[in-house]
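Below: one structure, written as structure tokens.
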Amino acid sequence: MFEDVVKGLLRECEGKPFLMSLYVDCDRAQRSAKEILIDLKNLQKKASEEVKYFYGDANCKQYNETIASIFNELSDELSHGGFSEAKGVSCFADLHGDYRRFIGLPISVENKIKFLDHPFLAPLVEALSPHKLALAAVVEARRATFFRVYASSVDKLMTLEEDVPPKVKSAGWYGLEETRIKRHVEDHVEKHLKNVGATMRALYDEDNYSIILVGGNTNYALVVADLLKEIITGIPVEVLENLGITDQPRAVVDAVANHALQTFVAESSNLIEGLITEHEKGGLAVAGLRGVIHASNLHAIHKLIVDSHKEIAGKRCSSCGALGLDEDLCPLCHGRMEDIEDVIDLLIYKTLCDDGDVRVIGGESPLREYEGVGATLRFSI
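113 is the number that full-length UniProt numbering gives to position 113 of the sequence shown; each next residue is one higher, with no gaps.
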């Protein structure tokens, strides 16, 4: 799903050489609506100043009208409850046309605006890297509710209701007759849980889910998870113990996101350990900025790993687009190298354009000994 979002964005932005990338912190739990709207006004002012600085006065009126329209649309959305589960929002817009794309983010982001010939992707990748498209269920004895969850977005798919008689001792029912009622109840629960599993199987077939999570009553969730593991292979099926009985989207998003982050940390640790081992033995991996830039210029990167994004100045060839750090001439075509303010962002962009994978961990890792960046390779270089 992460690849679908980011690579879909790249396809939409292809051939658009004048893009505005905007990131806004809209965590309503930490900041008031008034503070968010003030930040939007300040970002709009900064956008107008930068457009004039980079592109002169000739088209400023046209660009500023487009910028105002984008900020007005975003302000209206946030003022009327839009992106309700998001803690941040990113926007990518073509100032030469009418293209604009808003993406809700599951974490707070630094307020930032950039004008580039490509979308500024680093904060987006960092926010979305841990998350997978999840099918989640909250299971009770009489009911189950199903959700589609990705990052900060959640859709309630359906609710399954079962008429399960309660375990009560009614006047006139004694001994074996009471036992018969209890067995009848348990049979109904078993049938209900099988129906939950069958429903999740049908929902799974309708979308490209990467993980299935079952919460609610833990005992019932365990039964449903075991049923699903027998009929669905190829993706994880797990019990989400911190997702209790609820139908609140915010609670579902928080539980799924916490699970995603815990899994992501463990996966990233193993991935980095393997990358460094492979690099140190001279295998299909590189670590350190110069080595990764060299691999990028040769289109050799399979998976780029950055521990946390920070802007590092570098160079880019004006002829072929190859990247560098401090070279005056291009290492590939010997063309003139131009200054760029963020070589890490361009490494991310180029890797994705080459159909490689990118992971931004969002914190310090053992890669910090290698300037915070490494990559696994498609072939030896």
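Even glycine gets a Cβ: it sits at the ideal position worked out from N, Cα and C.
Chain-order list of residues whose beta-carbon lies under 8 angstroms from that of residue i (same chain, five-residue window excluded)
{"i": "Arg368", "result": "Asp307"}
{"i": "Ile344", "result": "Ala122, Val306, His309, Lys310, Glu311, Ile312 and Val373"}
{"i": "Pro366", "result": "Ile272, Glu273 and Ile276"}
{"i": "Glu140", "result": "Gly216, Asn217, Tyr220 and Ile245"}
{"i": "Glu50", "result": "Ile113 and Phe115"}
{"i": "Leu332", "result": "Asn297, Cys317, Cys320 and Ala322"}
Status (buried if at least 16 other CB within 10 Å, exposed otherwise) for residue i
{"i": "Met337", "result": "buried"}
{"i": "Phe379", "result": "exposed"}
{"i": "Gln44", "result": "buried"}
{"i": "Ala322", "result": "buried"}
{"i": "Pro166", "result": "Per-residue confidence for Pro166 stands at a pLDDT of 48, beneath the threshold of 50, marking its modelled position as unreliable; the derived number appears in the next sentence. Exposed: under 16 other Cβ atoms inside 10 Å."}
{"i": "Cys353", "result": "exposed"}
{"i": "Leu124", "result": "buried"}
{"i": "His334", "result": "exposed"}
{"i": "Pro106", "result": "buried"}
{"i": "Arg359", "result": "buried"}
{"i": "Leu329", "result": "exposed"}
{"i": "Pro130", "result": "buried"}
{"i": "Thr145", "result": "buried"}
{"i": "His279", "result": "buried"}
{"i": "Glu376", "result": "Glu is not the amino acid found at residue 376; the sequence shown has Thr there. Buried, by the Cβ-count rule."}
{"i": "Tyr209", "result": "buried"}
{"i": "Lys34", "result": "exposed"}
{"i": "Asp4", "result": "exposed"}
{"i": "Thr66", "result": "buried"}
{"i": "Asp25", "result": "buried"}
{"i": "Ile103", "result": "buried"}
{"i": "Ser21", "result": "buried"}
{"i": "Tyr23", "result": "buried"}
Three-state secondary structure (DSSP) of residue i
{"i": "Phe95", "result": "Contrary to the premise, residue 95 reads as Leu rather than Phe in this sequence. Of the three classes helix, strand and coil, the one that applies to Leu95 here is coil, per DSSP."}
{"i": "Glu364", "result": "coil"}
{"i": "Cys13", "result": "helix"}
{"i": "Glu381", "result": "Checking the sequence shown, residue 381 turns out to be Ile, not Glu. Here Ile381 sits in coil by DSSP."}
{"i": "Ala144", "result": "strand"}
{"i": "Phe18", "result": "coil"}
{"i": "Cys330", "result": "coil"}
{"i": "Glu151", "result": "For clarity, residue 151 is Ala in the given sequence; the question names Glu instead. DSSP places Ala151 in coil when its eight states are reduced to three."}
{"i": "Val5", "result": "helix"}
{"i": "Glu161", "result": "strand"}
{"i": "Gly197", "result": "helix"}
{"i": "Glu126", "result": "helix"}
{"i": "Cys317", "result": "strand"}
{"i": "Leu213", "result": "strand"}
{"i": "His118", "result": "coil"}
{"i": "His188", "result": "helix"}
{"i": "Leu304", "result": "strand"}
{"i": "Asp339", "result": "strand"}
{"i": "Lys310", "result": "coil"}
{"i": "Leu325", "result": "coil"}
{"i": "Lys350", "result": "helix"}
{"i": "Ala134", "result": "strand"}
{"i": "residue 382", "result": "Missing from the structure shown is residue 382; the chain here goes from 1 to 381 and no further."}
{"i": "Ile103", "result": "strand"}
{"i": "Glu369", "result": "helix"}
Close Cβ partners of residue i (< 7 angstroms) along its chain, the five nearest in sequence each way excluded
{"i": "Ile70", "result": "Cys91, Ala93 and Arg100"}
{"i": "Ser296", "result": "Leu323, Leu347, Lys350 and Thr351"}
{"i": "Leu9", "result": "Phe92, Arg101 and Pro119"}
{"i": "Val196", "result": "Ala137, Val139, Ala144, Leu160 and Val224"}
{"i": "Lys132", "result": "Met1, Ser210, Ile211 and Ala260"}
Beta-carbon proximity list for residue i, same chain, < 6 angstroms, skipping 5 on both sides
{"i": "Leu325", "result": "Gly314"}
{"i": "Asn64", "result": "Ser48"}
{"i": "Gly362", "result": "Glu126 and Ser308"}
{"i": "Asp39", "result": "Asn111"}
{"i": "Gly15", "result": "none"}
{"i": "Ala134", "result": "Val149, Ile211, Leu213 and Val256"}
{"i": "Asp342", "result": "Glu311"}
{"i": "Thr199", "result": "Leu160"}
{"i": "Phe18", "result": "Leu95 and His96"}
{"i": "His299", "result": "Asp354"}
message = Runs of 4 residues minimum, wholly inside the stretch 220 to 299: which ones carry the alpha helix (DSSP H) assignment?
response = 249 to 280 and 289 to 297
request  = Could you tell me whether the stretch 289 to 307 touches the stretch 240 to 248, where touching means 3 or more Cβ pairs closer than 8 angstroms?
outcome  = no
request  = Could you tell me whether the stretch 274 to 288 touches the stretch 335 to 354, where touching means 3 or more Cβ pairs closer than 8 angstroms?
outcome  = no
query = Counting Cβ pairs closer than 8 angstroms, one from the stretch 116 to 124 and one from the stretch 185 to 203, do we hit at least three?
reply = no
request  = Say whether the stretch 253 to 261 touches the stretch 216 to 231, bearing in mind that this needs 3 or more beta-carbon pairs closer than 8 angstroms, one atom from each stretch.
outcome  = no
Cβ contact check for the stretch 95 to 114 and the stretch 207 to 225: 3 or more pairs under 8 angstroms = no
query = Going along the chain, which unbroken runs of the beta strand (DSSP E) with 3 or more residues stay wholly within the stretch 17 to 86?
reply = 19 to 25
query = Can at least three beta-carbon pairs, one atom from the stretch 142 to 156 and one from the stretch 263 to 275, be found at a separation below 8 angstroms?
reply = no
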